[in-house]
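Here is the structure we will look at.
Residue numbers (our numbering): 219 to 382.
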């Protein structure tokens with residue numbers, strides 16, 4: 219027989235769980251929530267199991283994706299395959315995947331698409347992920363890379379960081 223105390227206890231637990239979920243949802247910006255949802259549709263690896271690191275350089279920058287658990291070889295393989303695939307796209311001026319995740323008006327992406335032929339995109343596998351090195355001699359494109367990196371750090375929230 220279910221007692222009144224048991225029902226009250228279950229109700230309290232449900233309120234606590236619901237409040238926790240609401241807090242987690244609202245602790246992210248609406249944009250970050252959208253990026254997390256769209257990211258899982260475009261990127262084959264888990265955002266929660268990885269960290270994106272963006273480092274601006276005088277001639278462009280480095281984007282790195284690290285898998286948090288070094289023993290998770292499946293995630294490492296997925297990160298490496300995806301970044302290699304993206305480098306091939308970027309070289310052709312195809313930034314559809316980032317635009318799908320971050321939106322069509324993502325800062326810097328329009329300039330990167332138009333100027334892709336003047337940017338060198340270099341892929342490197344890393345023991346715990348992969349990286350893309352972006353470099354250019356065109357000051358406007360270097361600026362576009364920096365603006366694009368800033369937007370990604372902001373949009374990815376807790377799963378991204380900027381190195382200076």
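C-beta atoms are modelled at their ideal positions from N, C-alpha and C, and glycine is treated no differently.
Per-residue burial, residue i [other beta carbons within 10 Å of its own, 16 or more giving buried]
i: residue 298; result: buried
i: residue 348; result: buried
i: residue 352; result: buried
i: residue 304; result: buried
i: residue 373; result: buried
i: residue 293; result: buried
i: residue 311; result: exposed
i: residue 244; result: Low local confidence applies: a pLDDT of 44 at residue 244 is under 50, so the model's placement there is unreliable, with the coordinate-based value given in what follows. Its Cβ having fewer than 16 others within 10 Å, residue 244 is exposed.
i: residue 225; result: Unreliable positioning characterises residue 225 in this predicted model, as indicated by a pLDDT of 47, which lies under 50. The coordinate reading is nonetheless provided below. Under this definition residue 225 is an exposed residue.
i: residue 288; result: exposed
i: residue 388; result: Since the displayed the chain opens at 219 and closes at 382, residue 388 lies outside it and no answer follows.
i: residue 275; result: exposed
Residue i and residue j closer than 8 Å at C-beta
i: residue 317; j: residue 369; result: no
i: residue 340; j: residue 354; result: no
i: residue 367; j: residue 272; result: yes
i: residue 285; j: residue 267; result: yes
i: residue 336; j: residue 322; result: no
i: residue 363; j: residue 326; result: yes
i: residue 360; j: residue 301; result: no
i: residue 329; j: residue 306; result: no
i: residue 308; j: residue 343; result: no
i: residue 381; j: residue 269; result: no
Helix, strand or coil at residue i according to DSSP, with G and I counted as helix
i: residue 318; result: helix
i: residue 272; result: strand
i: residue 296; result: helix
i: residue 282; result: strand
i: residue 380; result: strand
i: residue 308; result: helix
i: residue 373; result: helix
i: residue 302; result: helix
i: residue 291; result: helix
i: residue 225; result: Annotation note: pLDDT 47 at residue 225 (below 50); position unreliable, no value reported.
(message) What ranges does the beta strand (DSSP E) occupy inside the segment 316 to 370, keeping only unbroken runs of at least 3 residues that lie completely in it?
(response) Correct list: 337 to 344 and 347 to 354.
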